[in-house]
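Here the sequence shown is numbered in our numbering, starting from -18 and rising by one per residue. Where a beta carbon is used, it is the ideal one built from N, C-alpha and C, also for glycine. Structure record follows, encoded as structure tokens.
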Amino acid sequence: MCVRRLLEIIFLLMHGRGGTLGELSEHCAVSVDIIKNDIEILKNSGIPIRCCSASGSIALSEGFTLEAMFKKRRQRSAGMPSASHLSDDAEYPGFTYPPQHRHRAPERKRSELAPGVYAFVGYSSSNFGVIASEHGYILIDAGDDLNGAAEALREIKNLIPGGIQAVILTHSHPDHRGGAEVFLEGRRDVPVWGHADFGAEQEAGRGLEQISAERAGRQFGAGIPDADYPVNFMLPRFAGGKSGPLLTPNIFVTEDRMPVCIDGVKLELYRIPGESTDHLVVWLPERQVLFSGDHVYRSFPNIYPVRGGAYRDVEQWAKAVRRLMGFRPKAMMFGHNAVPAPDEILPMLSGYAEAIEYVYAETLKGMNQGKTPDELAASLRLPGHLRDEPYLGEFYGAIPWAVRSIYAHKLGWFDGNPTNLVPLTPLEEAERTAALAGGRGQLLRAAQNALAARDYRWATRLADFLLQLGETENGKAVKAAALEGLSRDILPVAGKNYLLRSALDLRK
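So this is what it looks like as structure tokens:
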């Protein structure tokens, strides 16, 4: 990471090593231009570095100590929110959050929803449920972490005699089925129930497997070192975490309401499209327990996943949540990170549906007023009575991305501004911007100054111009550092991961 290299430069200078740009370049295994950029960042951050143009030597001012540096930063940071929260001096229209909305590590907890009915939360990135049956148990989803699933299985064996009798998959997302091999214990005869259109979302992306995999890797943080991976409860990373083969159904639900009896347990399976079109909801009528899948979780919904994909029908999703209210469940398991208390269920479902409906209605209202996607994304907020609710924090989904998705679905790519019908190419815009700045050198200096001032969005924009102009090393260095800065200042973990992984890619 850039931060690590900056600290390495400081240590080298403190110990009298790497006294020239060339020596620092050799020690850090990067180009001289990148070292120059790093020196500017350090100087602009208040590190007292002296450079002698005649001799080319670089040194720290006398009396400099790390303790003094960190003391100054502690004083500046006093009272500021954690790195997972937006910093006080950063203003990103559309990306501001109530101070109580903070990421935390997932809590591993088993809850008994009704006699013999359990929810396992925090054993994987998604929840899974267990229902005791006549000869064993029925599994609702399977999680995605093999170690967590193994721990859960040990608990299940202590609670319920017998083995697995069936699996019901609420939908096709991999994080709900990658832990299945642990529960199956080598068996291939287990009935696996799923929606008749299981996998329809993935089918829509046929022909785009390569780019879909690349973008999904960034969204889910593949390749980010454990030490740098954001602490969060929506896409958590587990020590030694590993996922297994993805389970697929062998029995398909072909009716919108299908009453079934599985190993002595009466269930009702409902086909209710929402987050995806292949969603099932599982209802235990005699015990009034509901398994919702990803129609609901403790975060503003991920209406637009940054990995890309087919449009997630916002109206349909809100209607699905309203339908869940109609069950009036006494207990409920969400798809991720939460088992609400009985008295929380209906208020949370109502607020969740209202938030989706509000974003949709206000987006259409703004579109009819002639506002562009950029303007809407920067200005739309939930109303006050919803904005502060912890279950609507933008921990995973983001309102600005939802707004852009709705706009594109309803009106397509064109924002109505005639300038964008015949636009400049990225290279043409970069060339003209460099000319306005006074040349490529001035453009680079402006990018470095923006980075030092923590104006990360402007720094990335200027870095993109530099990259277009062939200033590859400098452009990549500035952009990578700016993306890391942005990742600390936004809340949605999918965005944090995408920014961090993209920074790593730039440094390869």
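Under the 10 Å beta carbon count, Tyr292 is surrounded by fewer than 16 other beta carbons and is classified as exposed. Shown here, Leu472 sits in coil according to DSSP, grouped into three states, outside any helix or strand. By the neighbour-count criterion, in which 16 or more other beta carbons inside 10 Å mark a residue as buried, Ala220 falls on the exposed side. Distance between Pro80 and Ala130, taken at the CA atoms: about 34 Å. Annotation for Pro240: the continuous beta strand (DSSP E) segment containing it runs 238 to 243.
In this structure, the beta-carbon distance from Asp125 to Ser153 does not fall below 7 Å. Look at Val302 here: in three-state DSSP terms it is helix. Within the DSSP secondary-structure output, Lys90 pairs in a beta bridge with Val102. By the beta-carbon neighbour count (other beta carbons within 10 angstroms, threshold 16), Leu(-12) is exposed. Here Ile253 carries a coil assignment [DSSP, helix/strand/coil]. In this structure Leu373 is in contact with Gly332, their Cβ atoms being roughly 7 Å apart against a cut-off of 8 Å. Assignment of Val277 by DSSP, reduced to helix, strand and coil, places it in the coil class. In the DSSP annotation of this structure, the continuous segment of the beta strand (DSSP E) that includes Met313 starts and ends at 312 to 314. If the five residues before and after Ala428 are omitted, its C-beta is found closer than 6 Å to the C-beta atoms of Ala440, Leu443, Ala444, Val459, all from its own chain and listed in chain order. Using a Cβ distance threshold of 7 Å, Ser38 and Glu454 do not count as a contacting pair. In the three-state DSSP reduction, Phe446 falls in the helix class (H, G or I). Contact between Gly75 and Pro87 is absent: CB atoms are separated by about 27 Å, not below the 8 Å threshold.
DSSP places Ala434 outside any beta strand (DSSP E), giving it a letter other than H or E.
Cβ neighbours of Leu485 within its own chain (closer than 7 Å, five residues either side excluded): Gly204, Ile205. A residue is called buried when at least 16 other Cβ atoms come within 10 angstroms of its Cβ; His116 does not meet this threshold and is exposed. In the three-state DSSP reduction, Arg135 falls in the helix class (H, G or I).
Shortest Cα-Cα distance from Leu408 to any of Glu375, Phe446, Leu271 involves Phe446. Lys489 is classed as exposed because its beta carbon has fewer than 16 other beta carbons within 10 Å across all chains shown.
In this structure, DSSP gives Ala319 a state outside helix and strand, which the three-state scheme calls coil. Restricting attention to Leu424, Gln269, Leu2, the CA atom closest to the CA of Ile20 is found in Leu2. Going by DSSP, His260 is part of no alpha helix (DSSP H) at all; its letter is neither H nor E. Met(-5) is classed as exposed because its beta carbon has fewer than 16 other beta carbons within 10 Å across all chains shown. Contact between the region 344 to 359 and the region 311 to 320 is absent: fewer than 3 CB-CB pairs across the two stretches fall below 8 Å. In its chain, beyond the 5 residues on either side, Arg238, Val262 have a beta carbon closer than 6 Å to the beta carbon of Tyr251. In the structure shown, the three-state DSSP call for Leu271 is strand.
Looking from the CA of Trp382, the closest CA among Pro310, Glu335, Asn283, Thr400 belongs to Asn283. Cys9 is not bridged by DSSP to any residue.
When secondary structure is reduced to three states using DSSP, Thr414 falls in the helix class. Between Arg288 and Arg196, the CB-CB gap stays under 7 Å.
Only residues of its own chain outside the window of five on either side were considered, and among them Leu127, Ala130, Ala131, Leu134 have a CB closer than 6 Å to the CB of Val163, listed in chain order. By the CB criterion at 7 Å, Leu464 and Leu450 fall outside the cutoff.
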